[in-house]
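All remarks here apply to the structure that follows.
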Amino acid sequence: AMTLADAAQLLWAAYGITKPVADGPAFIRGGLRAAPSAGALYPLEVYLVAGKVTGLAAGVYRYVSERHELARIEAGDRRDELCQAALGQSWIREAPAALVFSAVFERTTKKYGERGRERYVWMDAGFAGENVYLQARALGMGCCIAGAFADDKVKQAVKMGSDEVPVCILGVGKRK
18 AMTLADAAQL LWAAYGITKP VADGPAFIRG GLRAAPSAGA LYPLEVYLVA
68 GKVTGLAAGV YRYVSERHEL ARIEAGDRRD ELCQAALGQS WIREAPAALV
118 FSAVFERTTK KYGERGRERY VWMDAGFAGE NVYLQARALG MGCCIAGAFA
168 DDKVKQAVKM GSDEVPVCIL GVGKRK
């Protein structure tokens, strides 16, 4: 198991607010984040699929970085469903929790055109993912990323919006 405090720290490292910006452009949505983003457009959404997180009921949650809180989307342990969506990669089911990143490409393409879709969004996801790896290690945990999955099944497992595209799954937990 992992603690709610561990999960909160991992989520903050991925996409938490590091510098609140109250009077900035609307696209900043609360402030600058722990991970850099092309044009500060922040195209990612971060979900937590919690199974064995002490202090948090099993379920699917969306990370609301503007308030550093979780919004429950669905109750119940969905790790097995996420594992199946990820082509049966069992470590996703075995990890106490997984972070799922999705991209809303329009946030970046409205400024950068197709270059945003082809390059910048993926860089943003890499920065946020690396932050999760580093934070997991600092907490004495391990992290493993998956890019092999069925997009539609991942979307269904975490109840993503129609404008979102799954980018990666990061299983996190105690190192073996």
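Numbering (this note's numbering), first residue to last: 18 to 193.
Don't be surprised by glycine CBs; every beta carbon is placed ideally from N, CA and C.
Since this is a predicted model, take the numbers as computed values, not measurements.
For this session: Could you name the residues of the same chain whose beta carbon sits closer than 7 Å to that of D94, not counting the 5 residues immediately before and after it, in chain order?
Result: G68 and A75
Problem set entry | Residues of its chain near Y32, where Cβ-Cβ distance is below 7 Å and the 5 sequence neighbours each way are ignored | Cβ-Cβ distances below 7 Å link Y32 to R50, A51, A52, L61, V63, Y80, S82 and A145 in the same chain, with the five nearest sequence neighbours on each side left out; the list follows chain order.
For this session: Leaving out five residues on either side along the sequence, give the residues of the same chain with a beta carbon under 7 Å from the beta carbon of Q26.
Result: Result list for Q26: Q152 and L156, in chain order.
For this session: Could you round the C-beta distance between A18 and N148 to whole angstroms and report it? I think they count as a contact, below 8 Å.
Result: About 22 Å separates the beta carbon of A18 from that of N148, a gap too long to meet the 8 Å contact definition.
Exercise. Should A174 and L99 be called a contact, given that it needs their Cβ atoms to be closer than 8 Å?
Worked result: In contact: A174 and L99 (Cβ atoms closer than 8 Å).
Problem set entry | Under 8 Å between C-beta atoms of C185 and G164 | With respect to the 8 Å criterion, C185 and G164 are classified as neighbours on the basis of their beta carbons.
Exercise. What's the gap between the Cα of G41 and the Cα of A57?
Worked result: 11 Å
For this session: Indicate whether I90 and K191 have their beta-carbon atoms separated by less than 8 Å.
Result: At the C-beta level, I90 and K191 stay beyond 8 Å of one another.
For this session: Find out if the Cβ-Cβ distance for the pair G188, W139 is shorter than 8 Å.
Result: no
For this session: Check each candidate in V171, Y129, S119 and L28 and name the one with the smallest Cα separation from H85.
Result: L28
Problem set entry | Straight-line gap, K127 to A142 (C-alpha atoms, nearest Å) | Whole-angstrom Cα-Cα distance: 18 Å.
For this session: Verify whether the separation of the beta carbon atoms of V70 and P113 is less than 8 Å.
Result: yes
For this session: Taking E147 as part of the beta strand (DSSP E), name the residues at either end of that continuous run.
Result: Taken as a continuous stretch (DSSP letters only), E147 belongs to no beta strand (DSSP E), being part of the alpha helix (DSSP H) at V138 to A155.
Exercise. To the nearest whole angstrom, what separates the beta carbons of A88 and E181, a pair I think is in contact under 8 Å?
Worked result: The Cβ separation is near 14 Å, so there is no contact.
Exercise. In chain order, what residues of the same chain lie with their CB nearer than 6 Å to the CB of P37, ignoring the 5 residues before and after it?
Worked result: Once the five neighbours on either side are set aside, the close Cβ partners of P37 are G48.
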